[in-house]
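Shown next, in structure tokens, is the structure this report addresses.
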Ligand code: SF4
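Numbering (this note's numbering), first residue to last: 14 to 499.
Structure below.
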């Protein structure tokens with residue numbers, strides 16, 4: 014029997030026929046990361062809040078494992094007058110063996126409005142396709158869908174009153190974009206039914222594995238492929254078109270690419286360091302770093318963001334600092350460390366600012382890795398806390414960015430095209446690599462923080478997470494200090 018298609022399976026099939034086939038035939042080979050699960054959880058919470066913001070309605074309660082019940086519940090609800098049930102949430106429709114659940118379905122006298130809810134801040138192509146599939150199925154099932162709306166997060170919304178999220182959702186009429194795709198849907202459905210009924214498609218991994226969504230079968234697919242080159246051309250940074258061209262010309266390993274095929278000095282430098290296994294260090298790099306005066310501060314933040322703002326004065330998806338580490342190095346070699354971390358779950362922002370201003374109160378350059386990020390956070394805080402604005406902007410003025418200095422003056426082939434501090438540090442000071450820590454990256458730090466502030470987290474676990482977070486952030490600033498002598 015050919016498995017039935019759903020909206021998400023059709024989207025998987027549009028991304029990659031093999032992905033659809035694996036979802037249907039070998040779903041156990043999928044691997045979802047913890048961050049993907051956290052995003053799904055937040056998306057679910059946003060969906061529930063969106064139902065309130067859309068004015069409430071009747072929720073079709075049967076879950077995705079009980080499709081027949083959901084279809085029956087939907088039909089029963091639609092038989093009642095629209096004046097009695099003007100809005101349905103999660104109604105189920107089926108047509109041509111394609112089943113969909115619709116986020117919101119507003120019934121009118123003679124026509125219906127289909128509402129798709131997305132926890133994003135803009136309308137994306139794949140959202141239009143989502144709605145096009147749903148519209149095709151709902152119409153096929155007999156509904157007169159006249160208008161299609163995408164309800165997404167308004168990133169200008171500011172949370173000012175506890176519990177009041179009116180304005181968090183913005184609605185965009187996407188009817189004409191959806192109509193333009195309607196004639197394509199029958200062909201796509203027929204094509205994907207053939208994929209579902211056929212043998213496993215032979216498709217190699219590539220850019221399509223991450224666009225528009227990361228594919229959970231990547232490990233499975235790569236395990237069946239021949240050993241990738243040690244330094245694939247794909248490690249060239251921000252060079253998607255060039256990589257495609259080089260791969261099209263048959264180059265797989267960067268070491269085989271002639272300099273003449275590389276358009277700029279940076280790529281030539283990366284290729285040479287990779288080919289010769291000789292790190293590039295510019296002649297005056299050490300002198301440039303040595304010229305930075307003392308006392309030097311080394312500063313790093315950790316941030317978290319929420320789709321649904323939790324703290325007053327904040328916006329959806331705003332990167333909010335909850336932790337910093339700061340090392341101060343004096344000319345005589347003395348080192349002081351200060352840090353801040355609040356895992357109470359309440360807003361850490363005001364205390365974060367106070368502790369930070371105290372940590373860097375003596376004059377001196379503040380070295381950061383990727384100034385744009387830290388500076389943006391401080392400017393945002395300056396806007397939120399006008400009484401501390403001047404001091405925060407002074408901190409921004411004192412910031413010196415180590416990242417562009419390293420990008421212009423240093424490359425080791427083990428960095429594999431990245432100048433993130435995690436990539437650079439093991440090549441300069443392998444003894445400081447992050448592999449002895451429980452938390453080794455920003456995404457893990459966010460997950461740890463989210464777990465720490467969760468009300469169900471026991472206090473001993475919260476203490477453990479706090480210790481891990483402090484160790485991780487401290488390593489970042491200690492590492493920066495060490496990177497002053499490459
Ligand atoms: S990893 Fe890539 S090739 Fe494999 S199923 Fe996913 S998208 Fe297709």
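Even glycine gets a Cβ: it sits at the ideal position worked out from N, Cα and C. All values derive from a computational prediction rather than experimental measurement.
A distance of 8 Å or more separates the beta carbons of residue 105 and residue 90.
With distances taken between CA atoms, residue 266 lies nearest to 429 out of 429, 404, 21, 360. Counting C-beta pairs with one atom in each stretch, the stretch 93 to 112 and the stretch 63 to 78 have three or more that are closer than 8 Å, which means they touch. Residues close to ligand 1 by the beta carbon criterion (under 5 Å to any non-hydrogen atom) are, from first to last along the chain, 29, 31, 32, 216, 218, 222, 228, 230, 231, 234. Bridge partners of residue 118 according to DSSP: 101, 127. Contact check for residue 381 and residue 387: beta-carbon distance about 5 Å, within the 8 Å limit, so the pair qualifies. A direct Cα-to-Cα measurement between residue 156 and residue 150 gives close to 9 Å. Straight across, the Cα-Cα distance linking residue 224 with residue 55 is about 21 Å. Nearest to residue 268 by C-alpha distance, out of 241, 245, 21, is 245.
In the three-state scheme derived from DSSP, where H, G and I count as helix and E and B as strand, residue 339 is classed as strand. For residue 38, there is no enclosing beta strand (DSSP E); the residue is part of the alpha helix (DSSP H) that begins and ends at 30 to 38. Sixteen is the threshold: when 16 or more other Cβ atoms of the shown chains lie within 10 Å of the Cβ of residue 327, as they do, the residue is buried.
In terms of Cα proximity to residue 318, the closest of 334, 397, 465 is 334. The C-alpha of residue 433 is placed about 15 Å away from the C-alpha of residue 443. Going by DSSP, residue 196 is part of no alpha helix (DSSP H) at all; its letter is neither H nor E. With a 10 Å radius around the Cβ and a threshold of 16 neighbouring Cβ atoms, residue 142 comes out buried. Excluding its 5 nearest sequence neighbours in each direction, residue 262 has C-beta neighbours in its own chain below 8 Å: 274, listed in chain order.
The C-alpha of residue 204 is placed about 36 Å away from the C-alpha of residue 182.
DSSP, read as helix, strand or coil, puts residue 334 in strand.
A Cβ-Cβ separation of about 13 Å leaves residue 27 out of contact with residue 36 under the 8 Å criterion.
For residue 310, the uninterrupted beta strand (DSSP E) run begins and ends at 309 to 317, by DSSP.
The distance from the Cβ of residue 451 to that of residue 440 is about 23 Å, inconsistent with a contact at the 8 Å cut-off. Counting the other CB atoms within 10 Å of its CB gives residue 169 a total below 16, which places it among the exposed residues. Within the stretch 209 to 250, complete alpha helix (DSSP H) segments of at least 4 residues are found at 231 to 236, given in chain order. Shortest Cα-Cα distance from residue 352 to any of 341, 465, 360 involves 341.
Within its own chain, the residues whose Cβ lies closer than 6 Å to the Cβ of residue 302, once the five positions on either side in sequence are excluded, are 497, listed in chain order. Between the beta-carbon of residue 60 and that of residue 116 there is about 7 Å, and that keeps the pair under the 8 Å contact cut.
Below 8 Å, enough C-beta pairs join the stretch 274 to 294 and the stretch 416 to 424 to call them touching: three or more. At the C-beta level, residue 465 and residue 356 come within 8 Å of one another. The beta-carbon distance between residue 404 and residue 362, rounded to whole angstroms, is 14 Å. This is too long to meet the 8 Å contact definition.
Scanning 390, 44, 322 for the CA closest to the CA of residue 358 turns up 322. Between the C-alpha atoms of residue 43 and residue 230 there is a straight-line separation of about 5 Å. Only residues of its own chain outside the window of five on either side were considered, and among them 360 have a CB closer than 6 Å to the CB of residue 324, listed in chain order. Going by C-alpha positions, residue 78 is about 14 Å away from residue 86.
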